[in-house]
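Heads up: the sequence shown is residues -27 to -1, 1 to 722, going by mature numbering (1 follows the signal peptide of the UniProt record, and there is no 0).
All C-beta atoms, glycine included, are put in the ideal place defined by N, C-alpha and C.
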Amino acid sequence: MVGISRSAAVAAASTLVIFGTPQIANAGTSSGDAVVVDGTSFALNGDNVSYRFHVDNSTGDLLSDHFGGSISGSLPPAAVPQVNGWVGMPGRVRREFPDQGRGDFRIPAVRIRQTAGYTVSDLQYQSHTVVQGKPDLPGLPATRGSEDDVTTLVVHLYDNYSSVAADLSYSIFPKYDAIVRSVNVTNRGEGNITIETLASLSVDLPFEDLDMISLSGDWARERRRERRRVEYGIQGFGSTTGFSSHLHNPFLTLVAPSTTESQGEAWGFSLVYTGSFAVNVEKGSQGFTRAMLGFNPEQLSWNLGPNESLTSPECVSIYSKEGIGGMSRSFHRLYRKHLIRSQFATSNRPPLLNSWEGLGFNFNESSMYKLAEESAALGAKLFVMDDGWFGNKYPRDDDDAGLGDWQPNRQKFPDGLDPLVSNVTELKAANTSTDLRFGIWIEPEMVDPNSTLYHEHPDWALHAGPYPRTLRRNQLVLNVALPEVQDFIINFVSNLLKSADITYIKWDHNRGVHELPSPSADHEYMLGMYRVFANLTSRFPDVLWEGCASGGGRFDPGVLQYFPQIWTSDDTDGLERISIQLGTSLVYPPSAMGAHISAVPNQQTGRTTPIEFRGHVAMMGGGFGLELNPEELDEHDKAALPGLINLAEKINPIILNGDMWRLSLPEDSNWPAVLFISEDGSQAVLFYFQVRANINRATPWVRLQGLDAQATYNVDGVGTYSGATLMNMGLQFPLDGDYGSKVVFLEKQ
Ligand code: DGJ
């Protein structure tokens, strides 16, 4: 199915090139070959996308031709740019991998400080290879697929002046309209060079009227959707926290100004990385828009000795003609099937009860057991003991001591964890024969100065020579780049898992990095951290791993590779959560979101919402649970919980595997609504919310999407209607008061 050709040099190209218009005789069609190469013209074809570029014979540069809806055959001639004034030809064309210093004044994708000190590069096409499937990236998380799922084109570039090689790797997953790119730079010279900038993806779109959408926020306010016009000059965002962070997510969407949730063109870009990153968008004088995602140059200064290489993380680009919603659904499917490696990616998750908001640090073995008993009585199937169970010389009784000392606290657990775990796992979830599972919280990458570990290994904490080690939440970050730190973490987590019947881990991470020993220490940390994640998750595949970082401070594709679910936010207020979860769903599958019902007034916002509202919001996340002490609930709320847990379990398979349609957004409407449709289309579930009471105003119609217009659906409690009626006319749900909510099942007849 793949047109494979090798070309040793540009001169050997069989392609006829009128500037920027390579004539591929057979470039594939929408249903044709995934990768088609004709001489030095390249086409990547998905079901509904084409990505085309070619080598400029006169310069050896890679020039972009098209990234958008499917095209086929040869391309019409493109006008040769006028070259007047200071900007030469390199600054007036669309480039695949813009290097620095030769007249392209836009942001570069790569900046290399050569042995002699200059930062000019001239990376020219040498050859290419096509492979079925997709090779793994060394030490980095990456999408993966079989030879039937994905095809990879690697274009080899070389700078004859500096002896630097760069391989651009493009993989296409045709079913998802996804093109994944990463870059590998190798020093083939004899001196040392330094990589100062390296973008995984750089793309020049031939449009000047675009909007950009990003996900921004802060602690307990993660991933709010921001949409703004792309203006002349550079606009961007990123993280220098050392991690993907609450502040900005490594994700960008470019859309036409008229694009909506359900219509229009959208280009989504998602960086598979957990460290500091940079996203830049530049509208240049020529009227093109350049988008770039990759390492943050503020935290990169990577030395390469002779024959050493640096591989960038990969960036996944998805094109959709079906609006922002269409783009999101493709990301969800791709990430569920080809990114998350856990067996739990799409298998039902046990409803859990987590002790954090209910007990905080204030517990011992018997109060923890009592909470577990109540969890089981409500119908929970997993009980999670959160922070506060460890540390002896420096007991973890609050957040200023103990991190690093991962031995059970003897005051709280005189005989270790096993008696508690054994007793808890003998409990049965209400009205079932299912044993309650036991899970535990850890924060392995951190150390408190008040700990034995810190006193024994002060050098294990990240620090910059003599500078003071500044604290956040009273703690320091371990330098996970050090093999001895990696081994310490692998050993203590393995021993913990072997010490008792623990089948779930919540892996927390509660601060960013401050004093780095070198600008590159962040990426070195990431490589160490991914090694630890890979080692533990492959050794303990039956454990359900949940990522967490002060809520959703590391909700990124890098973590998702290893942990199938991530705690979405420490803000458990139902209303806030609608925005946070729908923002997160722009790129991440709902299956990946940990979402819990907490008590009211909410601990973060002080707001009181009905338990049904909180429950319905939480069950839109794949990792549904409770985060409360049932003893402190009023009768109504306590009585409602078993029913809500049952409902969440019934819905869970559709949330985990289905398609999500955001029907109306909380930022636009008093009636946010979301529809999930099962993978086979036979079932659907509608979530409908009313934020404020509706006084003397018509009840709005909610028009469904994504159904089969010809089919009929039984709408639970309402009647049977055609898909066309449900999509074109809709349904009405009058609700009372503030924070109303409704969950409605649909069955295809
Ligand atoms: C931050 C997490 O987001 C919370 O859920 C909780 O686990 C605390 N850390 C515990 O310290």
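*Beta-carbon gap between THR125 and SER142 smaller than 8 Å*: SER142 sits close to THR125, with the two beta carbons spaced by under 8 Å.
*Would you identify the three-state DSSP class for GLN73, choosing helix, strand or coil?*
Coil at GLN73, not helix or strand.
*Within the present structure, is the beta-carbon of SER523 separated from the nearest heavy atom of the ligand DGJ by less than 7 Å?*
Within the cutoff, so yes.
*What separation, rounded to the nearest whole angstrom, lies between the Cα atoms of ARG200 and GLN272?*
If you draw a straight line from the Cα of ARG200 to the Cα of GLN272, it comes to about 27 Å.
*asked:* Less than 7 Å between C-beta atoms, sequence neighbours within five positions excluded: which residues of the same chain meet that for VAL203?
replied: Non-local C-beta neighbours of VAL203 in its own chain, meaning closer than 7 Å and more than five positions away in sequence, comprise LEU183, ASP184, MET185, VAL254, LYS256 and THR262, ordered along the chain.
*Own chain, CB closer than 6 Å to GLY588, minus 5 neighbours either side, in chain order*: Here the set comprises ILE570 and LEU617.
_Can you tell me whether GLY296 is buried or exposed? The criterion is at least 16 other CB atoms within 10 Å of its CB, across all chains shown._
Classification for GLY296: buried.
*By Cβ distance, which residues of its chain are closer than 6 Å to GLY64, with the 5 residues on each side in sequence left out?*
So the qualifying residues of the chain are GLY76, ASP77 and PHE78.
*Sequence-distant residues of its chain with Cβ nearer than 8 Å to LEU500 (five each side left out)*: GLY112, LEU113 and ALA454, listed in sequence order.
*Please list, in chain order, all residues of the same chain as VAL(-18) whose beta carbon is under 7 Å from its beta carbon, the five residues on each side excluded.*
Caution is warranted here: a pLDDT of 33 is assigned to VAL(-18), below 50, making its placement in the model unreliable, and no coordinate value can be reported.
_Check whether chain D comes within 8 Å of GLY298, counting only Cβ atoms and requiring the distance to be less than that._
No chain D appears in the structure shown, which is made up of a single protein chain.
*Among the residues of its own chain, which have a CB less than 7 Å from the CB of THR(-7), if the five just before and after it don't count?*
Because the pLDDT at THR(-7) is just 49, under 50, the model does not fix this residue reliably, and the point stays unresolved.
_Just to confirm, is the Cβ distance from residue 766 to LEU444 under 8 Å?_
In the structure displayed, the chain extends from -27 to 722; residue 766 sits before or after that span and is not available.
*Going by beta carbon distance, what residues of the same chain come within less than 8 Å of ASN321, once the five residues before and after it are set aside?*
Leaving aside the five residues that flank ASN321 on each side, the residues in its chain whose CB is nearer than 8 Å to its CB run, in chain order, GLU622, ASN625, PRO626 and LEU629.
*Closest residue to ASP610 among THR545, PRO583 and GLN683 (Cα-Cα distance)*: The option with the nearest alpha carbon to ASP610 is PRO583.
*With a 10 Å radius around its C-beta and 16 neighbouring C-beta atoms as the bar for buried, classify TRP414 as buried or exposed.*
Residue burial is scored here from C-beta neighbours: TRP414 has at least 16 other C-beta atoms within 10 angstroms and is therefore classed as buried.
*Check whether VAL357 and LEU326 have beta carbons under 8 Å apart*: Cβ distance < 8 Å, so VAL357 and LEU326 count as in contact.
*Contained beta strand (DSSP E) runs [length at least 3] in the segment 337 to 400, N- to C-terminal order*: Listed in chain order, the complete beta strand (DSSP E) runs (minimum 3 residues) inside the segment 337 to 400 are 355 to 358.
*asked:* List, from N- to C-terminal side, the alpha helix (DSSP H) runs of 4 residues or more that fit wholly inside the segment 515 to 598.
replied: You should have 530 to 535, 547 to 557 and 584 to 591.
_C-beta contact flag for ALA374 and PRO381 at 8 Å_ = Not closer than 8 Å, so no.
_Exposed unless 16 or more other CB atoms sit within 10 angstroms - verdict on SER4_ = Low local confidence applies: a pLDDT of 39 at SER4 is under 50, so the model's placement there is unreliable, with the coordinate-based value given in what follows. Around the CB of SER4, fewer than 16 other CB atoms lie within 10 Å, so the residue is classed as exposed.
*Could you check if TRP240 is buried or exposed, using at least 16 other CB atoms within 10 Å of its CB as the buried criterion?*
TRP240 comes out buried.
*Where DSSP assigns a beta bridge to SER637, which residues make up the other side?*
In DSSP, SER637 forms a bridge with ALA646.
_ILE(-10), buried or exposed, once every other Cβ within 10 Å from all chains shown has been counted against 16_ = Below a pLDDT of 50, predicted positions are generally treated as unreliable, and ILE(-10), at 33, falls in that range; the measurement from the model is reported next regardless. With fewer than 16 other beta carbons inside 10 angstroms of its own, ILE(-10) counts as exposed.
_What does the Cβ neighbour count give for GLY1, buried or exposed, with the cut at 16 atoms within 10 Å?_
At GLY1, the pLDDT of 47 sits below 50, so the modelled position is not reliable; the number obtained from the coordinates is stated separately. With a 10 Å radius around the Cβ and a threshold of 16 neighbouring Cβ atoms, GLY1 comes out buried.
*asked:* Whether or not the segment 270 to 289 and the segment 335 to 350 are in contact is what I'm after, with contact meaning three or more pairs of Cβ atoms, one per stretch, closer than 8 Å; do they touch?
replied: Pairwise C-beta distances place the segment 335 to 350 out of contact with the segment 270 to 289, as fewer than three of them are shorter than 8 Å.
*Where the beta strand (DSSP E) through PHE224 begins and ends*: First-last of the beta strand (DSSP E) with PHE224: 224 to 228.
*asked:* To the nearest angstrom, how far is the alpha carbon of SER293 from that of PRO230?
replied: Distance from the CA atom of SER293 to the CA atom of PRO230, rounded to whole angstroms, is 15 Å.
*In the DSSP assignment, what residue or residues form a beta bridge with ALA507?*
In DSSP, ALA507 forms no bridge with anything.
*Would you grab the beta carbon distance between LEU220 and ASP191 for me? Rounded to a whole angstrom, and I think it's under 8 Å.*
About 6 Å; that satisfies the 8 Å criterion.
*asked:* For the ligand DGJ, is there any heavy atom lying closer than 7 Å to the beta carbon of ASN483?
replied: Look at ASN483: its beta carbon is less than 7 Å from one of the heavy atoms in the ligand DGJ.
_For GLY267, list the residues DSSP reports as bridge partners._
The partner list for GLY267 (beta bridge, DSSP) reads ALA172 and ALA251.
*Flag TRP362 as yes when its Cβ comes closer than 7 Å to any non-hydrogen atom of the ligand DGJ, and as no otherwise.*
Within the chosen limit of 7 Å, the ligand DGJ does not reach the beta carbon of TRP362 with any heavy atom.
*Chain-order list of residues whose beta-carbon lies under 6 Å from that of ASN602 (same chain, five-residue window excluded)*: The residues are GLY331.
*asked:* Tell me which residue opens and which closes the beta strand (DSSP E) that SER290 is part of.
replied: It spans 288 to 293 - the beta strand (DSSP E) in which SER290 sits, taken as one unbroken run.
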